[in-house]
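If you read the sequences in order, they're chains A and B.
Residue numbers for the first sequence follow the working numbering, beginning at 1153 and rising by one.
Residue numbers for the second sequence follow the working numbering, beginning at 702 and rising by one.
Quick reminder that beta carbons are idealized off the backbone N, C-alpha and C, glycines included.
The structure under discussion appears below in the form of structure tokens.
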Amino acid sequence: MGNDIFEITVNCVKLIIVFLLMVQAVPVLVWLERRGSAFIQNRFGPNRVGPLGLLQLLADAVKFLFKEEFIPEHGIRFLYYGAPVMALVPATLAFAAIPLGYPLQWDSYIFRIQGFEVNVGIVYVLGASSLAVYSILMAGFGSGNKYSLMGALRATAQVVSYELALGLAIVGAILLYGTFNLTEMVAAQQGSLQFAFMGHAVNLSWLPNWGIFYQPLGAVIFFAATFAESNRLPFDLAEGEAELVAGFHTEYGGFKMLLFFIGEYGHMMVGSALMIVFYLGGYGIPGVTIPELQQWAAGVTSSANAASALVSLITFVSFTVKLAVFMWIFIQVRWTLPRFRYDQLMELGWKTMLPWALGNTILTAIVLYIAKA
Amino acid sequence: MSPDVFLFWFLAILTVISGLMVVLMTNPVFSALSLAMTMVLIGALFVTLNATFLAGVQLIVYAGAVMVLFVMVLMLFDLKNEIYAFTRGKISGAFKVGSVGILAGLVIGSIGLTASTLLQSSTAPLVSMSGDTTKDLGKILFSQYLLGFEALGALLLIVAVGAVALARSKGGTHAK
């Protein structure tokens, strides 16, 4: 955690801040989703409570807190109460390992703008977020309701199938960067697009050196699989309300329901953040390199600490902007596309995305082998 | 007690408890969930050994995929019948108790026979574990143990194809 009291304290506080960042983004996103969907469908959306309806979410949270506590008669108590917690924990743990900004240098200390640094970042994030399936299973089984169980089984089959395509899509990126470390991946994507291919140096100064230009297919598959992983439309088979009432969370209400919500948005955020880290340069800014930014910051303030803090802040804002764009894409897609049929979903996952991801992996390996020879 | 030692004993005791829960729980779903818990805890033990890659893979493959399928299949069973079938019957019950006894005897016997070797402290020099072990793991896997690795891959492929063939020969998902 650190070498002295100051560093340990800062690192502990950082963990809490990253958690709060994630949880506090949810009300804003819910507001954006409701207003955004209203905008797309030519309605007004919630606009009565507070300016632009921003306080609607606060009112909703209070309502959720004061709702009656109940448990279904045939439910299993432990699973029923454990499921919402299991929905929140994996998303939070995964999000904490994602680098959100350039490391801050304060005197002799170096603080990373992330919850904690894991050397095998990708493997850890995927491992932690893969545990979220248990929340769905526990909710479905613990509710003692057949609609819940059917919804849970459908959702689980979907999440487990798409996890394969998701994992394989990143293998290309891992081969490309040659590391599991998320910070090193971001560092590898700075500057303008340049690479050496069979002895020729290629340099395109008008494009940033982002992974999406090397791995377009991987990026598309990864992004599509992220939708399936977070159970969002067009993959929200878990919730097919015409067939299953509301899927695995049929029996949930009040704050427990809200925890599922936070979990879902958390998964969207983790997916978007991974997308940014792998394919869109992480916290980097297109056209500006980190040393240039540091030079500029040193000109603005005389203190080295303040300059470093400024660099961290700007890179953090850059990451946040990219994240916001992706969250909007999630929302736009949800309110634009219809839902898949279940067999179409399975065919897409197993017969289309998996072979393409596998092919992408093999192709990347061959091209890298030729390029380095 | 140093933090490392405390962490080891804490995780080890939790692992053993959740492992025991797998066999002691009467509801198969709880057993499967305990097994998933055991997998996660073993992953945590890997982390304490600096084998972070193995820990992550343990989470993704075992806890995240294999155990999920177990739990899913168990949920589709009529659990009451399964429990009933296990606890009834005198002769088959005697067989069950007998086989459990033999297994326990084997486990205790093997522990007793190997206790002296297990308790011996190793004199081999400690490998440096501070750095990233993922690259070393990959190198060893694809050089020294290549044959075994590829053979395991082929075996898993054969099992998968065999399972599909068996399921299809009985009519597949649309069997009446």
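Report the rounded CA-to-CA distance for residue i versus residue j, giving the unit in angstroms.
| i | j | result |
| --- | --- | --- |
| Ser1313 (chain A) | Glu1499 (chain A) | 10 Å |
| Val703 (chain B) | Arg1186 (chain A) | According to the sequence displayed, residue 703 (chain B) carries Ser and not Val. Whole-angstrom Cα-Cα distance: 52 Å. |
| Met1238 (chain A) | Leu1289 (chain A) | 10 Å |
| Val808 (chain B) | Tyr763 (chain B) | 24 Å |
| Gly1399 (chain A) | Lys1524 (chain A) | 50 Å |
| Phe1268 (chain A) | Met1337 (chain A) | 16 Å |
| Trp1362 (chain A) | Glu1315 (chain A) | 24 Å |
| Gly810 (chain B) | Thr818 (chain B) | 14 Å |
| Ala745 (chain B) | Leu712 (chain B) | 7 Å |
| Met1505 (chain A) | Leu1497 (chain A) | 11 Å |
| Phe1413 (chain A) | Val767 (chain B) | 26 Å |
| Leu1320 (chain A) | Val801 (chain B) | 42 Å |
| Val1418 (chain A) | Asn1333 (chain A) | According to the sequence shown, residue 1418 (chain A) is Gly rather than Val. Approximately 21 Å between the Cα atoms of the pair. |
| Arg1491 (chain A) | Leu1318 (chain A) | 20 Å |
| Gly813 (chain B) | Ala805 (chain B) | 12 Å |
| Thr1378 (chain A) | Met1420 (chain A) | 7 Å |
| Pro1438 (chain A) | Phe1347 (chain A) | 17 Å |
| Ser1189 (chain A) | Trp1487 (chain A) | 6 Å |
| Gly757 (chain B) | Tyr1494 (chain A) | 30 Å |
| Asn728 (chain B) | Lys1166 (chain A) | 41 Å |
| Trp1502 (chain A) | Ser1260 (chain A) | 51 Å |
Strictly by DSSP, which residues pair up with residue i?
| i | result |
| --- | --- |
| Phe900 (chain B) | This structure does not reach residue 900 (chain B), given that chain B is present from 702 up to 877, and the question cannot be answered. |
| Trp1183 (chain A) | DSSP, once it has assigned bridges, lists no residue as partnering Trp1183 (chain A). |
| Ala1348 (chain A) | A:Ala1353 |
| Ala1262 (chain A) | One point to set straight first is that residue 1262 (chain A) is Ile, not Ala, in the sequence displayed. The partner list for Ile1262 (chain A) (beta bridge, DSSP) reads A:Gln1257. |
| Val808 (chain B) | Val808 (chain B) is not bridged to any residue. |
| Ile1437 (chain A) | A:Val1440 |
Where does residue i sit, in a helix, a strand or coil, going by DSSP?
| i | result |
| --- | --- |
| Val1354 (chain A) | strand |
| Tyr1404 (chain A) | coil |
| Pro1386 (chain A) | coil |
| Pro1360 (chain A) | strand |
| Val862 (chain B) | helix |
| Val1270 (chain A) | coil |
| Val1201 (chain A) | coil |
| Asp1212 (chain A) | helix |
| Glu1315 (chain A) | helix |
| Ile1228 (chain A) | coil |
| Lys1524 (chain A) | helix |
| Asp1156 (chain A) | coil |
| Phe1332 (chain A) | coil |
| Met768 (chain B) | helix |
| Ala1284 (chain A) | coil |
| Gln1447 (chain A) | helix |
| Leu1207 (chain A) | coil |
| Met1409 (chain A) | helix |
| Arg1529 (chain A) | Nothing can be reported for residue 1529 (chain A), as the shown portion of chain A is limited to 1153 through 1525. |
| Gln1341 (chain A) | coil |
| Asn1297 (chain A) | coil |
| Glu1391 (chain A) | coil |
| Ser1189 (chain A) | helix |
| Glu1220 (chain A) | coil |
| Trp1487 (chain A) | coil |
| Arg1306 (chain A) | helix |
| Glu1498 (chain A) | Rather than Glu, the amino acid found at residue 1498 (chain A) in this sequence is Met. DSSP places Met1498 (chain A) in helix when its eight states are reduced to three. |
| Ile1481 (chain A) | helix |
Please check if any C-beta of chain C sits within less than 7 Å of the C-beta of residue i.
| i | result |
| --- | --- |
| Asn1271 (chain A) | Among the chains of the structure shown, chain C does not appear; the protein chains present are A and B. |
Stretch-stretch touch, CB-based, cutoff 8 Å, three pairs: the stretch 1463 to 1483 of chain A with the stretch 1427 to 1443 of chain A: yes
Given 8 Å, three or more beta-carbon pairs between the stretch 1266 to 1286 of chain A and the stretch 1226 to 1244 of chain A: yes
Three or more C-beta pairs below 8 Å linking the stretch 1361 to 1377 of chain A and the stretch 1172 to 1190 of chain A: no
Touch test, the stretch 1190 to 1205 of chain A against the stretch 1441 to 1448 of chain A, Cβ-Cβ under 8 Å, three pairs minimum: no
Residues of the stretch 737 to 760 of chain B with Cβ closer than 8 Å to any Cβ of chain A, in chain order: Ala737, Val741, Gly744, Thr753, Phe754, Ala756, Gly757, Val758, Gln759, Leu760
Chain B contacts made by the stretch 1291 to 1319 of chain A, where a contact means CB separation under 9 Å: Gly1292, Phe1293, Leu1301, Ala1304, Leu1305, Thr1308, Ala1309, Val1311, Val1312, Glu1315, Leu1316, Gly1319
Any 3 or more C-beta pairs closer than 8 Å across the stretch 789 to 803 of chain B and the stretch 1298 to 1311 of chain A: no
Any 3 or more C-beta pairs closer than 8 Å across the stretch 737 to 750 of chain B and the stretch 708 to 719 of chain B: yes
Positions along the stretch 718 to 731 of chain B whose CB lies within less than 7 Å of some CB in chain A: Val730
Against chain B: residues of the stretch 1277 to 1291 of chain A by CB proximity under 8 Å: Leu1278, Gly1279, Ala1280, Ser1282, Leu1283, Val1285, Tyr1286, Leu1289, Met1290
Contact between the stretch 1160 to 1180 of chain A and the stretch 1372 to 1390 of chain A (3+ Cβ pairs under 8 Å): no
Contact between the stretch 1508 to 1523 of chain A and the stretch 1320 to 1330 of chain A (3+ Cβ pairs under 8 Å): yes
Members of the stretch 762 to 774 of chain B that neighbour chain A once the beta carbon cut-off is set at 8 Å: Ala764, Gly765, Ala766, Val769, Leu770, Val772, Met773
Members of the stretch 1326 to 1340 of chain A that neighbour chain B once the beta carbon cut-off is set at 8 Å: Phe1332
Contact set between the stretch 1425 to 1448 of chain A and chain B, restricted to residues whose Cβ is under 9 Å from the partner: none
Members of the stretch 835 to 852 of chain B near chain A, C-beta cut-off 7 Å: Thr835
The stretch 1453 to 1462 of chain A touching the stretch 1249 to 1259 of chain A, judged by at least three CB pairs closer than 8 Å: yes
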